[in-house]
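Residue numbers (our numbering): 98 to 546.
Structure follows, in structure tokens:
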């Protein structure tokens, strides 16, 4: 992040240039370095009205000149106040603001390659999280600034795909703001939220409500004018005990013990309150206890190798796998959030939920065409080293692999061949995409699995 005092950026390196130049452009809007206008003198045989007209023009010109002169002086002062010592040495012999900016531009303006590299590094730093509570607001603002820079340079992923950027942001806050993460991840994946800037704004509003009078920490006596009464939770417990809704078993089903016995009167009171208060109802719905899901073990014959990077964007057929997995957010539909532990590839991973996985399989003899396979009940795991379709799941749906011809065929459709597999790095690849995926023209033939 660039150094600076509050919102003032100090120019000390190339990455500061665009941000440093922004306020100067605003100050210089409409300002020009004019020659001082001369006082008009009466010309020979000049009429009084003509002289008066030239004097009016002079008054307007001198007023504009003085205004621009003061503005240029302010810009010059701002420049010298917001550059480091090494930059000062560069421009000590320059007199005009134009010459000063020209000299600084030669040294500090980054080229496109440097800027893209810097944006990528700054985005990676943002995903780590803020340095502390004091830096939290600056951290949020930096997401928007870095995103806008990425859009300006059309940086792959960040600057060209808002969903990609939103997912990165949500993953960065999932451990510190789990409620916001779980609520908006599904909305983003299912395209109910499409604006990165709006998502950041909603997060800012959410954190402000948490720091102040959080919508998830309201008490049951909101209309009580007697401030001397002890504040209580909706269940009647003192707020000193239930200082947040998460700690109340009547509101948060997830913290209830197996032998928990509720009071029917309190259950009724909470239900009535939730019926008229959307924030309370939303909280209770989001904190219902879900059925326990045992860890998923992917019994796969695939082994991670040094070649895995070349197939990270591809989809392989794996006869030993018991689950289908997508590691690409753009390959899934109908996403349902669910935290599922995966044991696969010699390590433990976490899936973010279940989805319908969309795969483009190459049709035999039709290199230009592909057909869409929709794999239901697949796992979405962004940390998985590769996407794969379970051979076991395909077999249950009537689709099998012919080892000799290396094709997939459907028994339900009279053994019609549905896809041609490619052998790449020893893997049977259904859909191959190089590390930088290039969109291709595809047909609309759809197979539901």
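Glycine included, C-beta positions come from ideal geometry on N, C-alpha and C. All values reported here derive from a predicted model rather than from experimental measurement.
Worksheet item: So, is residue 265 buried or exposed, given that buried needs 16 or more other C-beta atoms within 10 angstroms?
Response: Start at 1 with the first residue of the chain shown, and residue 265 comes out as number 168. Looking at its Cβ environment, which holds 16 or more other Cβ atoms inside 10 Å, residue 265 is buried.
Worksheet entry | Same chain, Cβ closer than 8 Å to residue 177, neighbours up to 5 away in sequence not counted | Taking the first residue of the chain shown as position 1, residue 177 is located at position 80. Only 185 meet the Cβ criterion.
Worksheet item: What is the C-beta distance between residue 515 and residue 506, in whole angstroms, given that I count them as a contact (C-beta under 8 Å)?
Response: Position 418 of the chain shown, counting from 1, holds the residue named residue 515. Position 409 of the chain shown, counting from 1, holds the residue named residue 506. Contact holds; Cβ gap of about 6 Å.
Discussion item. Using DSSP's beta-bridge definition, name the partner residues of residue 475.
Written reply: Here the question's residue 475 lines up with position 378 in the chain shown. According to DSSP, residue 475 bridges with 452.
Worksheet item: Do residue 263 and residue 300 have their C-beta atoms within less than 8 Å of each other?
Response: Stepping through the chain shown from its first residue, residue 263 is reached at position 166. Stepping through the chain shown from its first residue, residue 300 is reached at position 203. No; because the gap between Cβ atoms is not below 8 Å, this pair is not in contact.
Worksheet entry | Residues near residue 145 by beta carbon distance below 7 Å, same chain, minus five either side | Along the chain shown, one-based indexing puts residue 145 at 48. There are no such residues.
Worksheet item: If you draw a straight line from the C-alpha of residue 363 to the C-alpha of residue 346, how long is it?
Response: Your numbering for residue 363 matches position 266 in the chain shown. Your numbering for residue 346 matches position 249 in the chain shown. Looking at the two C-alpha atoms, the distance is approximately 11 Å.
Discussion item. Taking the alpha-carbon of residue 420 as reference, which of 239, 206, 481 has the nearest alpha-carbon?
Written reply: Reading the chain shown from its first residue, position 323 is the one you call residue 420. Closest option to residue 420, Cα to Cα, is 481.
Worksheet item: How should residue 193 be labelled, buried or exposed, when 16 other C-beta atoms within 10 angstroms of its C-beta is the threshold for buried?
Response: Locating residue 193 in the chain shown gives position 96, where the first residue counts as 1. Looking at its Cβ environment, which holds fewer than 16 other Cβ atoms inside 10 Å, residue 193 is exposed.
Discussion item. Between the alpha carbons of residue 351 and residue 384, how many angstroms are there, rounded?
Written reply: Start at 1 with the first residue of the chain shown, and residue 351 comes out as number 254. Start at 1 with the first residue of the chain shown, and residue 384 comes out as number 287. Going from the Cα of residue 351 to the Cα of residue 384 covers about 6 Å.
Item to complete: May I have the straight-line CA-CA distance separating residue 162 from residue 129, to the nearest angstrom?
Response: The sequence position of residue 162 within the chain shown is 65, counting from 1. The sequence position of residue 129 within the chain shown is 32, counting from 1. Answer to the nearest angstrom: the Cα atoms are 9 Å apart.
Practice prompt. For residue 413, count neighbouring Cβ atoms within 10 angstroms of its own Cβ and tell me buried if that reaches 16, exposed if not.
Written response: Within the chain shown, residue 413 is the residue found at index 316, counting from 1. So residue 413 ends up on the buried side.
Worksheet item: Under 8 Å between the Cβ atoms of residue 471 and residue 455?
Response: As a first step, residue 471 is located in the chain shown; it is residue number 374 there, counting from the start. As a first step, residue 455 is located in the chain shown; it is residue number 358 there, counting from the start. Yes, Cβ-Cβ distance for residue 471 and residue 455 is below 8 Å.
Fill in: 7 Å CB neighbourhood of residue 219 in its chain, flanking five on each side removed
Within the chain shown, numbered from 1, the residue matching residue 219 stands at position 122. Here the set comprises 243.
Worksheet item: Does DSSP classify residue 175 as helix, strand or coil?
Response: Taking the first residue of the chain shown as 1, we reach residue 175 at position 78. It is helical.
Discussion item. Need the endpoints of the beta strand (DSSP E) that residue 431 sits in, please.
Written reply: Residue numbering aside, residue 431 sits at position 334 when the chain shown is read from its first letter. Looking at the DSSP string, the run of the beta strand (DSSP E) that includes residue 431 is 429-441.
Worksheet item: Can you give, in chain order, each stretch of the beta strand (DSSP E) that sits fully within the segment 193-221 and has at least 3 residues?
Response: none
Discussion item. Since residue 279 and residue 434 should fall inside the 8 Å C-beta cutoff, what is the C-beta to C-beta distance between them, to a whole number of angstroms?
Written reply: As a first step, residue 279 is located in the chain shown; it is residue number 182 there, counting from the start. As a first step, residue 434 is located in the chain shown; it is residue number 337 there, counting from the start. Residue 279 to residue 434, Cβ: 6 Å. Contact.
Discussion item. Given this structure, state the Cα-to-Cα distance separating residue 487 from residue 525, to the nearest angstrom.
Written reply: The count along the chain shown starts at 1 and reaches residue 487 at position 390. The count along the chain shown starts at 1 and reaches residue 525 at position 428. Roughly 12 Å between the two C-alpha positions.
Worksheet item: Helix, strand or coil: how does DSSP classify residue 282 here?
Response: As a working note, residue 282 is residue 185 in the chain shown. Here residue 282 sits in helix by DSSP.
Worksheet item: Under a three-way DSSP split, which group does residue 146 fall into?
Response: As a position in the chain shown, residue 146 is number 49, starting the count at 1. Looking at residue 146 - three-state DSSP - the assignment turns out to be helix.
Worksheet entry | Three-state secondary structure assigned by DSSP to residue 239 | One-based indexing of the chain shown puts residue 239 at position 142. Note: residue 239 maps to helix in three-state DSSP.
Worksheet item: Taking Cβ to Cβ, would you say residue 202 is nearer than 8 Å to residue 252?
Response: Working through the chain shown from its first residue, we reach residue 202 at position 105. Working through the chain shown from its first residue, we reach residue 252 at position 155. No, they are not a contact pair.
Fill in: Exposure of residue 357, with buried meaning 16 or more beta-carbon neighbours within 10 Å
Within the chain shown, numbered from 1, the residue matching residue 357 stands at position 260. Residue 357 should be labelled exposed.
Discussion item. So the candidates are 444, 119, 152; which of them puts its Cα closest to the Cα of residue 135?
Written reply: Here residue 135 refers to the residue found at position 38 of the chain shown. That would be 152, whose Cα lies nearest to the Cα of residue 135.
Practice prompt. For residue 364, name the three-state secondary structure that DSSP assigns.
Written response: Numbered from 1 along the chain shown, position 267 holds the residue referred to as residue 364. In the structure shown, residue 364 sits in a helix (DSSP, three-state: H, G or I).
Item to complete: Taking residue 517 as part of the beta strand (DSSP E), name the residues at either end of that continuous run.
Response: What you label residue 517 is simply residue 420 of the chain shown in a count that begins at 1. From DSSP, the beta strand (DSSP E) with residue 517 extends over 513-517.
Worksheet item: Taking residue 476 as the reference, which of 274, 513, 422 has the closest Cα?
Response: If you number the chain shown from 1, residue 476 lands on position 379. For residue 476, the nearest C-alpha among the options comes from 422.
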